[in-house]
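Each residue of the sequence shown is one higher than the last, beginning at 15 in the working numbering. Below is one structure, written out as structure tokens, with a few remarks after it.
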Amino acid sequence: MSEQFAKFFSVVIPTYNRQSILIKCLKALETQKKSNFIKDYEVILVDDGSTDGTLEWLVENATKFPHVKTFSQTHQGPAAARNLGVKQAKGDTIIFIDSDLIVTETFLQAHANALAKGEEKTNSDRLFTYGWVINTCNFDNPTSESYKITDFSAAYFATGNVAIARKWLEKVGLFDTRFQLYGWEDLELGVRLKQLGLKLVKCPEAVGYHWHPPFNLEQIPSMIEREIERGKMGVIFYQKHPTFNVKMMIQMTLFHRLLWGILSLGGRLNEKTMKPLLQWLIDRGKPQLALEIARIFLNWYNVQGVYQAYREINN
15 MSEQFAKFFS
25 VVIPTYNRQS
35 ILIKCLKALE
45 TQKKSNFIKD
55 YEVILVDDGS
65 TDGTLEWLVE
75 NATKFPHVKT
85 FSQTHQGPAA
95 ARNLGVKQAK
105 GDTIIFIDSD
115 LIVTETFLQA
125 HANALAKGEE
135 KTNSDRLFTY
145 GWVINTCNFD
155 NPTSESYKIT
165 DFSAAYFATG
175 NVAIARKWLE
185 KVGLFDTRFQ
195 LYGWEDLELG
205 VRLKQLGLKL
215 VKCPEAVGYH
225 WHPPFNLEQI
235 PSMIEREIER
245 GKMGVIFYQK
255 HPTFNVKMMI
265 QMTLFHRLLW
275 GILSLGGRLN
285 EKTMKPLLQW
295 LIDRGKPQLA
305 LEIARIFLNW
315 YNVQGVYQAY
325 REINN
């Protein structure tokens, strides 16, 4: 296969108050093996106004991360941070990951190989690669986690682990910075990319391990707030693309109201009434099961947030 397919990768990472896991993320990116399809790579880290000492730590440890170039902005959200990263990047190909994702040493190589094979097969670069994201609570050894059915994603374009030619991002106008809260900025961009006819190429060899702390009851208030924010951003998504498919994605349908209304008994199964059960599961070493059960009322909050935001916008 010709070296005409070789890429210069810019790995764009927005971060906000994730210093401890960010260290692991950056260390993993410094150990990348290069194939014939990688000219070189850089890591473009955009700090989105962190208050946990992230920038200070990066300055003190800059020599340990020769591939990393750091930029910062006031807290504006991941959409604006990724846009800044793309504008500062030198690469012809952009890889988006999150700052709590730990990759293997063949991560870039896997994306490069998949892009080269896809371009040779289709005789076009109108495509992008999407790697696996495996969720884990194991901070000490995150890459030891196995793939689970709950890790499956049907998303067309998600910035947790995706590689795409820079020119396509620029052609569609990058991320919409109105998405300042949690959710949907990447899937909305995906709608525009799909309109350009870009093909999704799945690349399970490019695996990243998405770390998050084990579920506990103290997380619930922030999780509820995040679901409400996701509802608000979902309405912006629907305003831009008023299709049934988007309504299904953001859960703004009668089906979703009935589904989560029935499962939560009209909101009666909530963070208060389910607290004893959730704590019982956590105490028995089953935080992931507790989280899956908690999603019943979290989705109920999301649906309520969607409809509340839609009413506010249309009044």
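Cβ atoms here follow ideal geometry from the backbone N, Cα and C, with glycine treated the same way. Note that the structure is a prediction, hence the values are computed from the model and not measured.
query                                                                                                                 : result
Extent of the continuous alpha helix (DSSP H) run through D200                                                        : 199 to 209
Distance between beta carbons of V26 and G99, contact taken as under 8 Å                                              : 4 Å
Range covered by the alpha helix (DSSP H) that runs through G132                                                      : 121 to 136
Counted within 10 angstroms of its Cβ, other Cβ atoms place A76 as buried (16 or more) or exposed                     : exposed
Status (buried if at least 16 other CB within 10 Å, exposed otherwise) for R206                                       : buried
Sub-8 Å separation of N97 and F189 beta-carbons                                                                       : yes
Inter-residue Cα distance where the pair is A126 and I310                                                             : 39 Å
Pairwise C-alpha distance: W198 and K286                                                                              : 28 Å
Whole-Å CB distance - F22 paired with T107, under 8 Å assumed                                                         : 7 Å
C-alpha distance - I307 paired with N313, whole-angstrom precision                                                    : 11 Å
Exposure of P235, with buried meaning 16 or more beta-carbon neighbours within 10 Å                                   : exposed
For L59, the residue or residues it bridges with in DSSP                                                              : I27, T84
Residues of its chain near L305, where Cβ-Cβ distance is below 8 Å and the 5 sequence neighbours each way are ignored : F229
Bridge partners - N175, DSSP secondary structure assignment                                                           : I111
For K213, the residue or residues it bridges with in DSSP                                                             : L141
Cβ-Cβ separation, L129 to F19 (assumed contact under 8 Å), whole Å                                                    : 7 Å
Start-to-end residues for the alpha helix (DSSP H) that takes in C39                                                  : 33 to 43
Distance, E241 Cα to N316 Cα                                                                                          : 5 Å
Residue environment, A95, which counts as buried when at least 16 other CB atoms sit within 10 Å                      : buried
Whole-angstrom C-beta distance between S113 and I35, which should lie under 8 Å                                       : 7 Å
The stretch 211 to 226 / the stretch 150 to 170 touching (three or more Cβ pairs under 8 Å)                           : yes
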